[in-house]
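Asks:
Protein chains: 2
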Amino acid sequence: MAVLFDKVAIIGIGHIGSSLARVIKRDGLAGRLVTLDSNSLHRAKALELGIVDAATDDVAEAVGDADLVVLATPVGTYADLAAAIAPHLKQGAIVSDVGSVKMAVLRDVGPHLPEGVSFVPGHPIAGTEHSGPTAGFAELFQGRWCILTPPGGTAQAAVDKVRAMWESAGSTVEIMEAAHHDRVLAITSHLPHLIAYTIVGTATDLETTLQQEVIKFSASGFRDFTRIAASDPVMWRDIFLNNREAVLEVLQRFTEDLTALQRAIRWGEGDKLEELFSRTRAIRRSIIDAKQA
Amino acid sequence: MAVLFDKVAIIGIGHIGSSLARVIKRDGLAGRLVTLDSNSLHRAKALELGIVDAATDDVAEAVGDADLVVLATPVGTYADLAAAIAPHLKQGAIVSDVGSVKMAVLRDVGPHLPEGVSFVPGHPIAGTEHSGPTAGFAELFQGRWCILTPPGGTAQAAVDKVRAMWESAGSTVEIMEAAHHDRVLAITSHLPHLIAYTIVGTATDLETTLQQEVIKFSASGFRDFTRIAASDPVMWRDIFLNNREAVLEVLQRFTEDLTALQRAIRWGEGDKLEELFSRTRAIRRSIIDAKQA
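Which chain is which? The protein sequence lines are A and B, in order.
Residue numbers for the first sequence follow full-length UniProt numbering, so the first one is 1 and each next one is one higher.
Residue numbers for the second sequence follow full-length UniProt numbering, so the first one is 1 and each next one is one higher.
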């Protein structure tokens, strides 16, 4: 792969940021790769791993002269970050991100960016429950989707360059409206995480002996939820706070459906249970067919 | 391993029944292994796979002379099955099962069994989302728990023999009160399945284009639920109908917790979200430490 950018700045060298850094290094996508991170341990680790050329907590040093700046911190930090980096962005620079919500990113980052800077928000649909620069790996994005939500009027050349970077990472890129992204992800990602956090939280409130048995016999279903519920707390706090409407709407649907199921159990309506349990099997097959299983 | 039983009858040669049959064959635990199954395709497949010595739909032929009879059909069939097999059980026979609920099994099977027959209900905490005799494999129970809930007064020799069979399968056996089993499993297994069925059901009710996108982007969390929600519909219908009180009680706790979380999102209470999301991480670590991850 040819060099796409003379200089790239990744803000936040955590799980996703460090995975992207590894891709950029592996494929030689940047002449120079710098990370801005307030955590000195993460900066030291990134340098030790050799996944960046420089690591700093100085905004001007990081984003000055950068052709691409990627925000990879929890989305709650974006507004302040955008205000801080804006004065140092060069003409023609591209600003992108990896956040799991996109309407709030347009709202928080967009207004700060000067004329002549392109904004290409992105969301790689990938990740594990682990955090920090050591948890990253270049293959994380391989075979996964990456959604870009450039606002109307964004320069096509900027979108193409960000697309090329994610394609080099092995992802398939999809362009989408930010509002639509947030609605789809509320269902496929945010609600599942909310439910998983809740059920694991319910278990943590049990008396100690029962809780130990829950851990012991977790392989019967519970375990799968704990993996999701081990995801980064601050990142997920910010996702729920910043996709509130879409999450609350889909949560309302879910609650109605759960109440109907609860009622069917209470009244012994086996046919209703079986009908639903048969219907859900088909979705699994579709996911296997779509090679996302 | 030495022969534990001269003749074993497995009733229902599905995912679990056929996996147990493979263990019994592999380890030479039975002089003769017969399956009773009303599905002629499953009988033919079991014979073709060589995992049983005989397959029949004749109750007397299957359970007559059997030293061990294992019920491995959905628990909703147990009452009728117990009534049908009871007249053919020999003195000294052991009746066991693999059902996911245990109070209902005591209720439905116990009263039918004649004097001189031992009853050792069991529940191997293992399984995949697949069904049928081809989906079974002998290693399914390796490293997993198997819970036995013998009623008071059950002959110790009978419990020991069933225990030896599951230990041969690679499981660790735990003896438990049936009521306690049902409460623990309501949390670790039944509620997670109910939630997974609900969330996947909610997704199936979306308009077609949105549903296709949910499938496309399912790797972001939703996918993990679809695996659970692809489990056998009849088996799970029977579980919910037969562990109603414990499931409804834990569902009530879950709903309260979800409502609190919903409120925190609506009112933007980030600290409450972060506190819960941090707490749930610890449970995951406990499961990894307990080698159940």
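For every residue, glycine included, the Cβ atom is placed at its ideal position computed from N, Cα and C.
#1: Tell me which residues of the region 216-228 of chain B have at least one Cβ-Cβ distance to chain A shorter than 9 Å, keeping chain order.
#2: Ala55/A and Leu47/A look like a contact to me (Cβ under 8 Å); what is the Cβ gap, rounded to whole Å?
#3: Output, in chain order, the set of chain B residues within a Cβ distance shorter than 7 Å of His193/A.
#4: Drop a sphere of 10 angstroms on the beta-carbon of Val75/B, count the other beta-carbons inside from all chains shown, and report buried for 16 or more, exposed for fewer.
#5: Go ahead and label Thr280/B buried or exposed: buried means 16 or more other beta carbons lie within 10 angstroms of its beta carbon, across all protein chains shown.
#6: Between the C-alpha atoms of Leu140/A and Leu33/A, what's the straight-line distance to the nearest angstrom?
#7: Among Glu245/B, Phe137/B, Lys102/B, which has the Cα closest to the Cα of Leu148/B?
#8: Would you please verify whether the beta carbon of Tyr197/A is less than 9 Å from any beta carbon of chain B?
#9: What residue from Thr77/B, Pro133/B, Val63/B, His123/B has the CA that sits closest to residue 294/B's CA?
#10: Once you ignore the five residues that flank Ala79/B on each side, which residues in its own chain have a CB closer than 7 Å to its CB?
#11: Under 7 Å, CB to CB, which of the residues in the region 143-157 of chain B have a partner in chain A?
#12: Quick check on the burial criterion: 16 or more other C-beta atoms within 10 angstroms. Buried or exposed for Arg266/A?
#13: Answer with yes or no whether the minimum CB distance from Glu213/A to chain B is below 9 Å.
#14: Leaving out the 5 sequence neighbours to the left and right, which residues in its chain are closer than 6 Å to Lys25/A when beta-carbon positions are compared?
#15: Since Pro124/B sits in a beta bridge, which residues does DSSP pair it with?
#16: If I measure Cβ to Cβ from Ala246/A and keep anything under 6 Å in the same chain, skipping five residues before and after, which residues do I get?
#17: Mind listing which residues of the region 66-84 of chain B have their C-beta closer than 9 Å to chain A's C-betas, in chain order?
#18: Mind listing the chain B neighbours of Trp166/A? Cutoff is C-beta to C-beta under 7 Å, in chain order.
#19: Which residues, taken in chain order from the region 264-289 of chain B, show a beta carbon closer than 7 Å to some beta carbon of chain A?
#20: Report yes or no: do the region 253-272 of chain A and the region 152-171 of chain A share at least 3 C-beta pairs separated by less than 8 Å?
#21: For Phe240/A and chain B, any beta-carbon pair shorter than 9 Å?
#22: Please list the partners that Arg244/A has in chain B, where partner means a Cβ-to-Cβ separation under 8 Å.
#23: Where do the N-terminal and C-terminal ends of the alpha helix (DSSP H) with Ser171/B fall, by residue?
#24: Using alpha carbons as the reference points, say which of Leu194/B, Ala229/B, Ser231/B, Gln212/B lies closest to Arg263/A.
#25: I'd like to confirm the pairing. Which residues does DSSP put opposite Arg32/A in its beta bridges?
#26: Cutting at 7 Å between CB atoms, please list the residues of its own chain near His130/A, excluding the five before and the five after it.
#27: Label Ser220/A either buried or exposed according to how many other C-beta atoms from any shown protein chain fall within 10 Å of its C-beta, with 16 as the threshold for buried.
#28: By Cβ distance below 8 Å, which residues in the same chain neighbour Thr204/A in space, the five residues on each side in sequence not counted?
#29: In this structure, does DSSP put Leu215/B in helix, strand or coil?
#30: Please classify Asp232/A as buried or exposed, where buried requires at least 16 other C-beta atoms within 10 Å of its C-beta.
#31: Please give the ranges of any alpha helix (DSSP H) in the region 209-283 of chain A, keeping only runs that are unbroken, at least 4 residues long and fully inside the region.
#32: Please say whether Phe222/A and Ile199/A have beta carbons closer to each other than 9 Å?
Replies: Looking at the coordinates:
#1: Result list: Lys216, Phe217, Ser218, Ala219, Ser220, Gly221, Phe222, Arg223, Asp224, Phe225, Thr226, Arg227, Ile228.
#2: Working through the first sequence from its first residue, we reach residue 55/A at position 55. Working through the first sequence from its first residue, we reach residue 47/A at position 47. The Cβ separation is near 5 Å, so the contact holds.
#3: On the first sequence, residue 193/A is found 193 positions in, with the first residue counted as 1. Per Cβ cutoff of 7 Å: Gly221.
#4: For the purposes of this step, residue 75/B is taken as the residue at position 75 of the second sequence. It is buried - the Cβ of Val75/B has at least 16 other Cβ atoms within 10 Å.
#5: Against the second sequence, residue 280/B aligns to sequence position 280. In summary, Thr280/B is buried, with 16 or more beta-carbon neighbours lying within 10 Å of its beta-carbon over all protein chains present.
#6: The count along the first sequence starts at 1 and reaches residue 140/A at position 140. The count along the first sequence starts at 1 and reaches residue 33/A at position 33. Each residue's alpha carbon lies about 19 Å from the other.
#7: As a first step, residue 148/B is located in the second sequence; it is residue number 148 there, counting from the start. For Leu148/B, the closest C-alpha among the options Glu245/B, Phe137/B, Lys102/B is that of Lys102/B.
#8: One-based indexing of the first sequence puts residue 197/A at position 197. At least one chain B Cβ lies under 9 Å of Tyr197/A.
#9: The structure shown does not extend to residue 294/B, since chain B is modelled only from 1 to 293, so the question has no answer here.
#10: Taking the second sequence and counting its residues from 1, the one referred to as residue 79/B is at position 79. If we look at Ala79/B and ignore the five residues flanking it on each side, its Cβ neighbours are Asp108.
#11: Per Cβ criterion, the list reads Arg144, Trp145.
#12: For the purposes of this step, residue 266/A is taken as the residue at position 266 of the first sequence. Around the beta-carbon of Arg266/A, fewer than 16 other beta-carbon atoms lie within 10 Å, marking it exposed.
#13: To locate residue 213/A, count along the first sequence from 1; it is residue 213. Taking a beta-carbon distance threshold of 9 Å, Glu213/A counts as an interface residue toward chain B.
#14: As a first step, residue 25/A must be located in the first sequence, where it is residue number 25. Here the set comprises Ile51.
#15: Mapped onto the second sequence, residue 124/B falls at position 124. Beta-bridge pairing links Pro124/B to Cys146/B.
#16: In the first sequence, the residue the question calls residue 246/A occupies position 246. For Ala246/A, same chain residues with a beta-carbon under 6 Å away, outside a window of 5 residues either side, are Asp182, Arg183, Ala186 in chain order.
#17: The region 66-84 of chain B vs chain A, Cβ under 9 Å: Gly76.
#18: Here residue 166/A is taken as the residue at index 166 of the first sequence, counted from 1. Under the 7 Å cutoff, chain B gives no residues; its nearest Cβ is about 15 Å from Trp166/A.
#19: Correct list: Ile265, Arg266, Gly268, Gly270, Leu273, Glu274, Leu276, Phe277, Ser278, Arg279, Thr280, Arg281, Ile283, Arg284, Ser286, Ile287.
#20: Flag = no, the region 253-272 of chain A and the region 152-171 of chain A do not touch.
#21: Here residue 240/A refers to the residue found at position 240 of the first sequence. The beta carbon of Phe240/A falls within 9 Å of a beta carbon belonging to chain B, placing the residue at that interface.
#22: Here residue 244/A refers to the residue found at position 244 when the first sequence is read from its first residue. Near Arg244/A (Cβ distances below 8 Å), the residues of chain B are Ile265, Arg266, Gly268.
#23: The residue given as residue 171/B occupies position 171 in the second sequence. Here Ser171/B belongs to no alpha helix (DSSP H), and DSSP marks it neither H nor E.
#24: As a first step, residue 263/A is located in the first sequence; it is residue number 263 there, counting from the start. The residue with the shortest Cα to Cα distance from Arg263/A is Leu194/B.
#25: What you label residue 32/A is simply residue 32 of the first sequence in a count that begins at 1. In the DSSP output, where bridge partners are listed per residue, Arg32/A has Lys7/A.
#26: Position 130 of the first sequence, counted from the first residue, corresponds to residue 130/A. Excluding residues up to 5 positions away in sequence, His15 lie with their Cβ nearer than 7 Å to the Cβ of His130/A in the same chain.
#27: As a first step, residue 220/A must be located in the first sequence, where it is residue number 220. Ser220/A is buried by the Cβ-count criterion.
#28: Walking along the first sequence from the start, residue 204/A turns up at place 204. If we look at Thr204/A and ignore the five residues flanking it on each side, its Cβ neighbours are Gln211.
#29: Along the second sequence, read from residue 1 onward, the residue named residue 215/B stands at position 215. Per the sequence shown, the amino acid found at residue 215/B is Ile instead of Leu. When DSSP states are grouped into helix, strand and coil, Ile215/B belongs to the helix group.
#30: Counting from one through the first sequence, the residue named residue 232/A turns up at place 232. Counting Cβ neighbours within 10 Å, Asp232/A comes out buried, since at least 16 surround it.
#31: Counting whole runs of 4 or more residues, the region 209-283 of chain A contains the alpha helix (DSSP H) stretches 222-228, 233-242, 244-266.
#32: Locating residue 199/A in the first sequence gives position 199, where the first residue counts as 1. Locating residue 222/A in the first sequence gives position 222, where the first residue counts as 1. Contact: yes.
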